[in-house]
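Q: Take a look at the following structure, please.
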Amino acid sequence: MTTPYHGQRVALLVDTANMYHSAKSLYGGRLDYRRLLEFASRGRHLVRAIAFVVRTEDVDITPFLDALQAVGYETRVKTLKRRVDGSTRGDWDVGIALTAAALADRVDVVSLVSGDGDFVELVDHLAPRGVRVEVCAFEDSVSTELRARAQAWFPLPRDLILETRG
């Protein structure tokens, strides 16, 4: 498949927690990560595909990690932290931003798969360095500001959703 941006080097960075919650709440399903690779890379040279995963202590995510790795993702895993007051904290926002910044001199495009508005500053950091930031997310769960600031916005189509089994 030839694209207007054929030859670009792409890094795909996936906020799996954001995608999990969006796919589940909007469609009652889960994202097809194999097809996401094809969708986000758009026939360009995929330099890195990294899925950032948050793990809870009581759930075995080994099958999910194995499935991601089997279709070509590197995985980064962080354990959800429980605070004394019972609340939890565990996101990859800083880790995703640092990874994108570290890859900036090796890629032409960062394809960010997240609708989280916290990434607006990342877009603002990468753009003056000549890195095109593309946001891929579900239309009903993407930050308006992130969508507007990215150099490209690609709504994830419904056919990237796998139905959740029983």
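With the working numbering, the residue at position 22 of the sequence shown is 22, and numbering never jumps.
Think of the CB as a built atom: it goes at the ideal place given N, C-alpha and C, for glycine as much as any other residue.
Look up Pro155 in the DSSP assignment and say whether it is helix, strand or coil.
A: Taking the first residue of the sequence shown as 1, we reach residue 155 at position 155. Correct three-state label for Pro155: strand.
Q: For Met1, is the classification buried or exposed, using 16 other Cβ atoms within 10 angstroms of its Cβ as the cut-off for buried?
A: Taking the sequence shown and counting its residues from 1, one reaches residue 1 at position 1. In this prediction, Met1 scores a pLDDT of 45, lower than 50, which makes its location untrustworthy; the coordinate-derived value is nonetheless stated afterwards. Flag for Met1 reads exposed.
Q: Name the two residues that bound the continuous beta strand (DSSP E) containing Thr144.
A: Numbered from its first residue, the sequence shown carries residue 144 at position 144. Thr144 -> not in any beta strand (DSSP E); alpha helix (DSSP H) instead, spanning 144-149.
Q: Can you list, in chain order, the residues of its chain with a C-beta nearer than 7 Å to that of Ile61? Leave out the 5 residues immediately preceding and following it.
A: In the sequence shown, the residue the question calls residue 61 occupies position 61. So the qualifying residues of the chain are Val53, Arg55.
Q: Taking 8 Å as the threshold, find out whether the region 140-148 comes into contact with the region 108-116 through three or more Cβ pairs.
A: yes
Q: Who are the near neighbours of His6 in its chain, counting only those whose CB is closer than 8 Å to its CB and skipping five residues on each side?
A: The count along the sequence shown starts at 1 and reaches residue 6 at position 6. Once the five neighbours on either side are set aside, the close Cβ partners of His6 are Gly43, Arg44.
Q: Determine, using beta carbons only, whether Val135 and Val47 come nearer to each other than 7 Å.
A: Taking the sequence shown and counting its residues from 1, the one referred to as residue 135 is at position 135. Taking the sequence shown and counting its residues from 1, the one referred to as residue 47 is at position 47. Against a cut-off of 7 Å, the Cβ pair of Val47 and Val135 comes out as no contact.
Q: To the nearest whole angstrom, what separates the beta carbons of Lys78 and Arg89, a pair I think is in contact under 8 Å?
A: Along the sequence shown, one-based indexing puts residue 78 at 78. Along the sequence shown, one-based indexing puts residue 89 at 89. Wrong, their Cβ atoms sit about 10 Å apart, outside the cutoff.
Q: Start and end of the alpha helix (DSSP H) containing Ile96?
A: For the purposes of this step, residue 96 is taken as the residue at position 96 of the sequence shown. Boundaries of the alpha helix (DSSP H) around Ile96: 93-103.
Q: In chain order, what are the residue ranges of uninterrupted alpha helix (DSSP H) at least 4 long that sit wholly in the region 26-89?
A: 33-41, 62-70, all fully within the region 26-89.
Q: Mind reading off the beta-carbon distance from Val14 to Ile50? Whole number of angstroms is fine, and I expect it under 8 Å.
A: In the sequence shown, counting from the first residue as 1, residue 14 sits at position 14. In the sequence shown, counting from the first residue as 1, residue 50 sits at position 50. Their Cβ separation, rounded to whole angstroms, is 7 Å, which keeps Val14 and Ile50 in contact under 8 Å.
Q: Would you mind stating whether Arg149 and Val120 have Cβ atoms separated by less than 7 Å?
A: Against the sequence shown, residue 149 aligns to sequence position 149. Against the sequence shown, residue 120 aligns to sequence position 120. Against a cut-off of 7 Å, the Cβ pair of Val120 and Arg149 comes out as a contact.
Q: Ignore the nearest five residues each way along the sequence and tell me which others in Arg30's own chain have a CB closer than 8 Å to its CB.
A: Sequence index remark: in the sequence shown, residue 30 carries index 30 (1-based). Excluding residues within five positions, the ones whose Cβ falls inside 8 Å are Tyr20, Ala23, Lys24, Ile161, Leu162, Thr164.
Q: Please classify Leu98 as buried or exposed, where buried requires at least 16 other C-beta atoms within 10 Å of its C-beta.
A: Start at 1 with the first residue of the sequence shown, and residue 98 comes out as number 98. Answer is exposed; the Cβ neighbour count stays below 16.
Q: Counting only the same chain and skipping the five closest in sequence on each side, list residues whose C-beta sits under 7 Å from that of Asp159.
A: Counting from 1 along the sequence shown, the entry for residue 159 is found at position 159. If the five residues before and after Asp159 are omitted, its C-beta is found closer than 7 Å to no C-beta atom of its own chain.
Q: Quick one, are the C-beta atoms of Val110 and Ala11 less than 7 Å apart?
A: The residue you call residue 110 lines up with position 110 of the sequence shown. The residue you call residue 11 lines up with position 11 of the sequence shown. Yes; because the gap between Cβ atoms is below 7 Å, this pair is in contact.
Q: With a Cβ-Cβ cutoff of 7 Å, do Arg76 and Ala104 count as a contact?
A: Counting from one through the sequence shown, the residue named residue 76 turns up at place 76. Counting from one through the sequence shown, the residue named residue 104 turns up at place 104. Result no, Cβ atoms of Arg76 and Ala104 do not sit closer than 7 Å.
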